Every structure is written in structure tokens, then in C-alpha cells.
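To keep things clear, I will list the structure first and then write my remarks on it.
There are 2 protein chains.
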Amino acid sequence: MPRTDIPDIVIGRLPLYLRALTRLSKEGHDITSSHELGEQLGISSAQIRKDLSHFGEFGKQGTGYTIQTLSTELQRILKVDTEWQVALVGIGHLGQAIANYGGFADRGFRISHLFDNSPERIGKRVNGLTVTALDEMATVIEEEGIRIAMIATPARSAQQVADILIEAGVQAILCYAPIIISVPEPVRVQYIDPVIHLQRMSYYIDD
Amino acid sequence: MPRTDIPDIVIGRLPLYLRALTRLSKEGHDITSSHELGEQLGISSAQIRKDLSHFGEFGKQGTGYTIQTLSTELQRILKVDTEWQVALVGIGHLGQAIANYGGFADRGFRISHLFDNSPERIGKRVNGLTVTALDEMATVIEEEGIRIAMIATPARSAQQVADILIEAGVQAILCYAPIIISVPEPVRVQYIDPVIHLQRMSYYIDD
DNA sequence: TAGATTGTTAATCGATTAACAATC
DNA sequence: TAGATTGTTAATCGATTAACAATC
Chain G
1 MPRTDIPDIV IGRLPLYLRA LTRLSKEGHD ITSSHELGEQ LGISSAQIRK DLSHFGEFGK
61 QGTGYTIQTL STELQRILKV DTEWQVALVG IGHLGQAIAN YGGFADRGFR ISHLFDNSPE
121 RIGKRVNGLT VTALDEMATV IEEEGIRIAM IATPARSAQQ VADILIEAGV QAILCYAPII
181 ISVPEPVRVQ YIDPVIHLQR MSYYIDD
Chain Y
1 MPRTDIPDIV IGRLPLYLRA LTRLSKEGHD ITSSHELGEQ LGISSAQIRK DLSHFGEFGK
61 QGTGYTIQTL STELQRILKV DTEWQVALVG IGHLGQAIAN YGGFADRGFR ISHLFDNSPE
121 RIGKRVNGLT VTALDEMATV IEEEGIRIAM IATPARSAQQ VADILIEAGV QAILCYAPII
181 ISVPEPVRVQ YIDPVIHLQR MSYYIDD
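Set out below in C-alpha cells:
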């Protein structure tokens, strides 16, 4: 159970630590240090140690951290030590690309259901999954106990889709539509809008 | 020219303000207030006023902000009042979806060049653009004066691609590869890794 | 005018960092 | 042992918010 007194900004860095550890492991390292991790991530070593200290003591003075151990701990803390089923809604260009994306495997998530309301797409197969009608979504989500969903519909449909998902039991939504959706209290939403990132960078271009 | 004393965290919120204004405008509003904007974004009205005050005075006491005026000002500040050409590298599933994505139009960016190194993809047409060989990338970027690029290659190629882009004059990179790339000082990088967002949310799921 | 909202200041709040004892 | 690195405390730094005079 999450300890409610841990700042969300700390939680937000844990996945970065996990990703960096995975990379170091792939490169053949067995042990690392807060300094090495910080170097790789552009974060101070003090911050990494402070962040981890919220959850326990995972290192050894003079040595550092065993990558395997720390990875396992972070996976447990983030609840990605088992695989979540994820529903994907909206199977247009973007949705299909997401469905075909191989990067979810081994990071705790597996797209298990595809939904769309367009007659041309319903019944279509994408990466081994069949697109199901939006009408059936609530039932399927409930029956399967799905807790995480991604929305890749046009902006105008996103709020309505979110309402249905939440009603059916979804607690976390990753929204690709460029619109802020309203959700009730315990539900989490994160957004992916590439233009926001581009605009944040264009400010700094001198040219 | 960016005033270097303005915190990056403030710059990061300006695109959100711009997006919210665009939405309000589409809904038929002409005028808004820091309170209304904050409501929509989940940000305090005081913060919005403080952020904007770094750049000038755009509102009117007792009334609020003219949406059209504030939008234009934000576009100017963020340098998206003209359209940037953007190079896209890596034309696999994800790259093709990005190339087909319609959401860049009118927000300051236009994908103008596609690059890949796979013989099957070179010469192929995607959304009206022809995929060019990676070998020619440096030359094209330089000749066209391209300053912004997106990387949608596998993680293992991302650093090498970034090096070429930067050498050719690119100053801002949006990286879809799940890896942190090293770049020299003035160059900006932003990342899009959906799993990071999912892991940040799974922590909070009680179930 | 009365009501509303801005821009700004000062206070508060929270996050980051520096430093170091503990100890492997 | 000597060197290195952790976990933690206290200090610093920076961001957010409350409050309000100015004024439309």
C-alpha cells in the first residue's frame, strides 16, 4: 500500500531509476552507486539517496547498490512486479502504433484489449488482438478487472470514453488526446501530447 | 530572445495555457480569467498570473484576459507564431503514426522530412513525404536549416542519430526512444516514454 | 458606484543539496 | 586499514500561495 506521505514528485522519479538500472544491467553491470545513477540521469546523487530512503535501505556503505536487488525493490514499490492488463481505446493510426509497440513487455504492462466505435475497425485484428466495439467496453473492463487504460481517440471523444472507463473500474488513464479530462478523486491521469514538449523547447531556440 | 532568468518550470506551463486558451476559443469564449484557466488546468489562479507576469501585463483588472490577445502573446513568447520544420528519424510503426498525426498543424510545427536507414523504407511515401536515407540526413538538415527533430528509432540507435542531428544544427530533440541521450549544452531534449507514465500511476492503484 | 480581477509583494511551503557520521 | 559510499540531518534554495492595492 502506498504511503500517502511520499511526495508524488518522488514517485515520478522511481520509474526513471528503474529504467536506468535496467540499462546498466543490460550493459553488464552488477553494482552501481547513487553517483553513477545520477550521472546517467542528470540528477544529484543526494536526491537519489533521499528518494530511496523513503522506502527503506537498499544500499551498502562503501559499495553502493546491487542492481538486481534495487530493481526488484523498485518494481515491487511501483507495483510492476506483476503484469497489468491494459485496455487501449481508439484504434486509429496512433492506436495501432501503440498496439504494435513492443516496449511494454517486461516493464509491467500488456495491452490486452482494443476498443473502437468505428464499424470499419471493429473485428479487425491488430498485433494479435481483435478490436471490440465501444458498446461492449464497460462489460469487458468489469469482467476482466482491468484497472489501467490508454485513450488514443480524437479529443472530442476522450472525456466520454474516460467516464465509461472509470465507471467500469479503471483507476489510471494514459491520455494521448490533447485535452485535459476531469476524473473523480482516486483516479490518476497522465498525458502524452508531443506538441507540449516541442513548444517547451522552441522557446529556447536561438535562430 | 528568452530571458534566461525565467524558470524552466514556468516555460513548461505556457504550452498548457496556450492549449487551454485554444480550447476555450473553440468553445466560443472571447474572454477568460486566471480563475477560469486555473479551474480547467488544475493550477491556482495566482500561479497563472505570476507566470504571465514574467513576460508582461496581458490582462485587464475586473475583466480578465482577451483570449485572442493572450494566445497571440503566448505563441510569440514560445516562438510558435511561425511554423517550424521538423525532421522525423525512424519510420517504423511509431514513426509512421507520428508522420500521420494531424495534431501538429496550427500548433507551430510541421513534419517536413522523414529519415530511416532501412532499405525497405527508403523511398517509401508516408503522408505525402518520401523517406530519405540516413546517410543524407546531415546534408539535408543543414541545407534546410532544420532546428527541431524527433527520434523514433530503436533505443540502440538513438544516441548516434542524435549526434548526427546536433552536428548538423538541430537544437531541440523530442526522443521517443526509452533511453536518456547525452547532448551538449544549448541543445534541449524532451522524452516521451509511455511506460514511465504508466509506472508512475500503477504505484497508486489499490487492488 | 459596486463588483470583479489583475499584477505584485511577502509569507509559506516544499524540494534540493551540502555535509558528515556510520560503516562496509 | 584506507577509501568509498550510504542514509540522514540541517541548511539552502526555489516555487507556490495568500493577500491586497490598483483599477477596469
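Chains as they are written, first to last, in this note's numbering: chain G, 1 to 207; chain Y, 1 to 207.
Where is the CB? At the ideal position from N, CA and C, for every residue including glycine.
Quantities reported herein were computed from a predicted structural model and do not represent experimental measurements.
Check                                                                                                                                                                             : Outcome
Indicate whether at least one CB of chain G lies closer than 8 Å to the CB of residue 197 of chain Y.                                                                             : yes
Would you tell me roughly how many angstroms separate the C-alpha atoms of residue 145 of chain G and residue 104 of chain Y, rounded to the nearest one?                         : 36 Å
At the level of alpha carbons, what is the spacing between residue 127 of chain G and residue 207 of chain Y?                                                                     : 28 Å
For chain G, is any of its Cβ atoms less than 8 Å away from the one on residue 50 of chain Y?                                                                                     : no
Quick check on DSSP: helix, strand or coil for residue 112 of chain G?                                                                                                            : strand
Hey, could you find the ends of the alpha helix (DSSP H) residue 9 of chain Y is sitting in?                                                                                      : 8 to 26
Pairing CB atoms from the stretch 81 to 98 of chain G with CB atoms from the stretch 112 to 127 of chain G, are three or more of them under 8 Å?                                  : yes
Output needed for residue 12 of chain G: all residues of its chain with C-beta closer than 6 Å, excluding positions within five of it in sequence on either side, in chain order. : none
How is residue 74 of chain G classed by DSSP in three states: helix, strand or coil?                                                                                              : helix
Which residues of chain Y have a Cβ atom closer than 7 Å to the Cβ of residue 147 of chain G, listed in chain order?                                                              : 205 and 207
Closer than 8 Å, CB to CB, is residue 101 of chain Y near chain G or not?                                                                                                         : yes
Under 9 Å between beta-carbons, which chain G residues line up against residue 108 of chain Y? List them in chain order, please.                                                  : 195, 198, 199 and 202
Going by DSSP, what residues sit across from residue 188 of chain G in a beta bridge?                                                                                             : G:172
Using a Cβ-Cβ distance under 8 Å, would residue 78 of chain G count as near chain Y?                                                                                              : yes
Any beta carbon from chain G within less than 8 Å of residue 61 of chain Y's own beta carbon?                                                                                     : no
Contact criterion: CB-CB distance below 8 Å. Does residue 12 of chain Y meet it with respect to chain G?                                                                          : yes
Within a Cβ cutoff of 7 Å, which residues of the same chain sit near residue 6 of chain G, ignoring the five residues on either side of it in sequence?                           : 54
Determine the contact status of residue 172 of chain G and residue 196 of chain G, defining contact as a CB-CB distance below 8 Å.                                                : no
Keeping to the same chain, check which residues put their C-beta closer than 7 Å to that of residue 3 of chain Y; ignore five residues upstream and five downstream.              : Because the pLDDT of residue 3 of chain Y is 49, which lies under 50, any placement of that residue in the model is unreliable, and the number read from its coordinates should be weighed accordingly. There are no such residues.
Return yes when the Cβ of residue 180 of chain Y is within less than 8 Å of the Cβ of residue 40 of chain G, no when it is not.                                                   : yes
Can you give me the start and stop residues for the alpha helix (DSSP H) that residue 87 of chain Y sits inside?                                                                  : Note, residue 87 of chain Y: premise wrong, no alpha helix (DSSP H); beta strand (DSSP E) at 84 to 89.
Answer with yes or no whether the minimum CB distance from residue 188 of chain G to chain Y is below 8 Å.                                                                        : yes
State the DSSP-derived secondary structure class of residue 32 of chain G, mapped to helix, strand or coil.                                                                       : strand
Here's the rule I'm using: 16 or more other beta-carbon atoms within 10 Å means buried, otherwise exposed. How should residue 32 of chain G be labelled?                          : buried
Let me check understanding here. Comparing Cα to Cα, which of G:44, G:184, G:205 and G:159 lies closest to residue 185 of chain Y?                                                : G:205
Could you tell me if residue 56 of chain Y is buried or exposed, where buried requires 16 or more neighbouring beta carbons within 10 angstroms of its beta carbon?               : exposed
What does DSSP give as the partner residue(s) for residue 60 of chain Y in the beta ladder?                                                                                       : Y:64
Please determine whether the Cβ atom of residue 19 of chain G lies at a distance below 7 Å from any heavy atom of the ligand COA.                                                 : For the structure depicted, the ligand COA is absent and the ligand set is empty, with no information on it obtainable.
Mind checking which residues open and close the beta strand (DSSP E) that includes residue 131 of chain Y?                                                                        : 129 to 133
Just how far apart, CA to CA, sit residue 83 of chain Y and residue 106 of chain Y?                                                                                               : 8 Å
Our contact map puts residue 202 of chain G next to residue 170 of chain Y with C-beta atoms below 8 Å; I'd like the distance itself, whole angstroms only.                       : Residue 202 of chain G to residue 170 of chain Y, Cβ: 12 Å. No contact.
Which residues in chain G sit within 7 Å of residue 125 of chain Y, going by Cβ to Cβ distance?                                                                                   : Chain G residues near residue 125 of chain Y: none, gap ~15 Å exceeds 7 Å.
DSSP beta-bridge partners for residue 161 of chain Y?                                                                                                                             : Residue 161 of chain Y pairs with nothing; no bridge assigned.
Taking only beta-carbon positions, decide if residue 7 of chain Y is within less than 8 Å of chain G.                                                                             : no
Our contact map puts residue 71 of chain G next to residue 48 of chain G with C-beta atoms below 8 Å; I'd like the distance itself, whole angstroms only.                         : Contact flag wrong, Cβ pair sits at about 14 Å.
In whole angstroms, what is the alpha-carbon distance linking residue 50 of chain G and residue 36 of chain G?                                                                    : 15 Å
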